[in-house]
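Under the working numbering, the first residue of the sequence shown is numbered 446, with each subsequent residue one higher. C-beta atoms are modelled at their ideal positions from N, C-alpha and C, and glycine is treated no differently. Here the structure is a predicted model, which is why all the values come from computation and not from measurement. Following: one structure in structure tokens, then a few remarks.
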Amino acid sequence: MSKKRSILLGVTGSIAAYKAAELAREFSRQGVEVRVMMTPAATRFVSPLTFEALLTIPVITDIFNNSTVGPIPHVSLSADVDAILIAPASADAIARIAHGLADDIVSCTTLAFDGPVLIAPAMHHKMYLNVATQANIAILRERGVTVIGPESGELASGGHGAGRLSPVETIIGCTLKTLGKSGDLACRTVVVTAGGTQEPIDPVRCITNRSSGKMGYAIAEACRDRGASVVLISAPTALPPPPGIQIHGVRTAQEMFEATQAAVQHAEVLIMAAAVADYRPATPAHQKIKKGDESLTIELERTVDILGSLQGELLRVGFAAESSDLERNARAKLSAKGLDLIVANDITATDAGFNSESNRVTIIDRDGAVERLPLLPKREVADRVLDRVVQLLS
């Protein structure tokens, strides 16, 4: 992802305006260049100084008096950004944009912009459900504007209903998906598996592993941000569903196999980051097994080999979690399953791997080329893996 992505964040007059500061900071953390424009009403809720302190660049609030962006701010602002995001978008801002009114910096700049526009409505539920607001949102949808939310829940007024600004993570995810539409995986479908499967012993107990799913989720998000259509097949995790990604929840290795087999029929790439159980109880008990005085023996049988079973015109990436002879075992798995790429990590490391935010991996391709990565955040590892996938696809 060599191209620097950029957005213009429009903040309008809603009590949720304070959340825009968190949005701006998180975008910046994810390597997205952010500029901010605010309506006069928005400055009554949160100061422009807040954004200037976070981003160290001027905030634009006036159509006529903003020499920092050139003599015609609404044209200069929209000239060099990849997308405009208006969050929060008030009922007034939505109405102005829908009907082409342009007497504040946000509506004027949006009108002058011919790229992707996203809005995240936030207002009292009665305002949101009003027939005029609904008609204005419908107009914007018809014109290709992406509408994010809103959510239902407790409102600032004390009431309850639709009108809450969508969570920051959701807005970030939807925006990154939009920014990725011209990425190096655009028009590709990628299936990603994640998490640790669970094989039932009885209705209460199961055989599982320590996988958190973080690596698989990071890969799915990275694929989304490069423009891919992503299907994430996930065993149980404690992670929130990534926005802009089709997710299928499964529990057992057999369920993961069936879901993956169906999903890859329309995919070009399979990235198998899940930690799939190699064995399962041969005859799970239908009732909870009671504790007795004697030891308990459970007969195990082999689970389905998902990667080995899925062949055809599909670029396949596997993961190898090893505790010894890392590269030798990874090469053996790469060869045995006929993979295009394998990503191996040492599970004995105390600073990487299971439940960690970072990973230290070795990438080996089908020609035997080896790339040893240092300790990196899992999202950066994901992008390094996808760099290799893109090379193989081309």
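In angstroms with no decimal places, state the Cα-to-Cα distance between residue i and residue j.
i	j	result
Asn-774	Ile-542	58 Å
Leu-600	Ala-680	34 Å
Ala-631	Ser-839	13 Å
Lys-778	Leu-784	8 Å
Ile-787	Leu-752	11 Å
Leu-624	Pro-687	16 Å
Ala-797	Arg-824	13 Å
Leu-741	Ala-722	20 Å
Asp-832	Asn-804	17 Å
Val-526	Ala-567	24 Å
Gly-560	Ala-461	25 Å
Pro-648	Gly-589	48 Å
Glu-700	Ala-663	22 Å
Ile-690	Glu-666	8 Å
Val-576	His-605	19 Å
Ala-486	Tyr-463	13 Å
Gly-476	Ser-451	9 Å
Met-446	Arg-633	In this prediction, Met-446 scores a pLDDT of 48, lower than 50, which makes its location untrustworthy; the coordinate-derived value is nonetheless stated afterwards. Going from the Cα of Met-446 to the Cα of Arg-633 covers about 16 Å.
Gly-813	Pro-685	36 Å
Leu-837	Lys-782	17 Å
Asn-581	Ala-540	6 Å
Cys-553	Val-504	16 Å
Val-491	Asp-507	16 Å
Arg-829	Leu-494	37 Å
Thr-620	Ala-719	27 Å
Thr-488	Gly-658	41 Å
Thr-682	Thr-642	10 Å
Ser-473	Leu-500	8 Å
Asp-670	Val-826	14 Å
Under the three-state reduction of DSSP, which class applies to residue i: helix, strand or coil?
i	result
Thr-554	helix
Met-660	helix
Gly-604	coil
Thr-807	strand
Glu-587	helix
Ser-674	strand
Glu-802	coil
Ser-771	Inspection of the sequence shows that residue 771 is occupied by Leu rather than by Ser. Of the three classes helix, strand and coil, the one that applies to Leu-771 here is helix, per DSSP.
Ala-719	coil
Asp-791	strand
Pro-822	strand
Ala-730	coil
Pro-493	helix
Gly-641	strand
Ser-447	Residue confidence for Ser-447 is low, a pLDDT of 48 falling below 50, so the modelled location carries little weight; the figure read from the coordinates is stated next. Coil at Ser-447, not helix or strand.
Ala-524	helix
Val-649	coil
Leu-546	coil
In its own chain, which residues sit with a C-beta less than 6 Å from the C-beta of residue i, not counting the 5 before and 5 after it?
i	result
Thr-743	Residue identity check: residue 743 is Ile in the sequence provided, not Thr. Once the five neighbours on either side are set aside, the close Cβ partners of Ile-743 are Pro-726.
Ser-558	The residue asked about is misnamed: residue 558 is Phe in this sequence, not Ser. These residues qualify, in order along the chain: Ser-523 and Ile-529.
Ala-704	Ile-678, His-693 and Val-695
Val-392	Here the chain covers residues 446 to 839 and nothing more, so residue 392 does not appear.
Met-717	Thr-638, Leu-752 and Gly-763
Thr-793	Ser-768
Arg-655	Phe-799
Arg-817	Thr-807
Thr-615	Pro-688
Ile-734	Asp-647
Leu-585	Ala-543
Can you name the residues that DSSP bridges to residue i?
i	result
Met-482	Gly-455 and Ile-505
Gly-737	None; Gly-737 has no bridge partner.
Gly-694	Ser-679
Val-714	Val-635 and Leu-760
Glu-746	Arg-725
Arg-609	Glu-596
Ala-534	Pro-566
Arg-817	Thr-807
Leu-630	None, per the DSSP bridge assignment.
Val-848	Past the boundaries of the shown model lies residue 848; the chain is included only from 446 to 839, so the question cannot be answered.
Which same chain residues, not among the five before or five after residue i, have their C-beta less than 7 Å away from its C-beta?
i	result
Val-551	Gly-455, Thr-457, Met-482, Thr-484, Ile-531 and Ala-538
Ile-502	Arg-480
Asn-790	Ala-766, Ala-797, Gly-798, Asn-804, Arg-805 and Val-806
Just checking my contact of residue i with residue j at CB under 8 Å: how many whole Å lie between their CB atoms?
i	j	result
Ala-536	Leu-574	Contact flag wrong, Cβ pair sits at about 11 Å.
Val-835	Asp-549	Actually they do not touch by this definition, with Cβ atoms about 42 Å apart.
Leu-563	Thr-591	4 Å
Glu-497	Val-613	About 20 Å; that fails the 8 Å criterion.
Val-709	Leu-759	6 Å
Gly-640	Gly-661	6 Å
Ala-729	Leu-610	Reading off the sequence, residue 729 comes out as Pro, not Ala. Going by Cβ atoms, the distance from Pro-729 to Leu-610 rounds to 45 Å, so no, they are not a contact pair.
For residue i, which residues in the same chain have their Cβ closer than 8 Å to its Cβ, ignoring the five residues on either side in sequence?
i	result
Tyr-724	Glu-644, Ile-652, Leu-745, Glu-746, Arg-747 and Thr-748
Gly-737	none
Glu-602	In the sequence as presented, Glu is not what sits at residue 602; that position holds Ser. His-569, listed in sequence order.
Ser-627	Gly-672
Gln-732	Asp-647 and Pro-648
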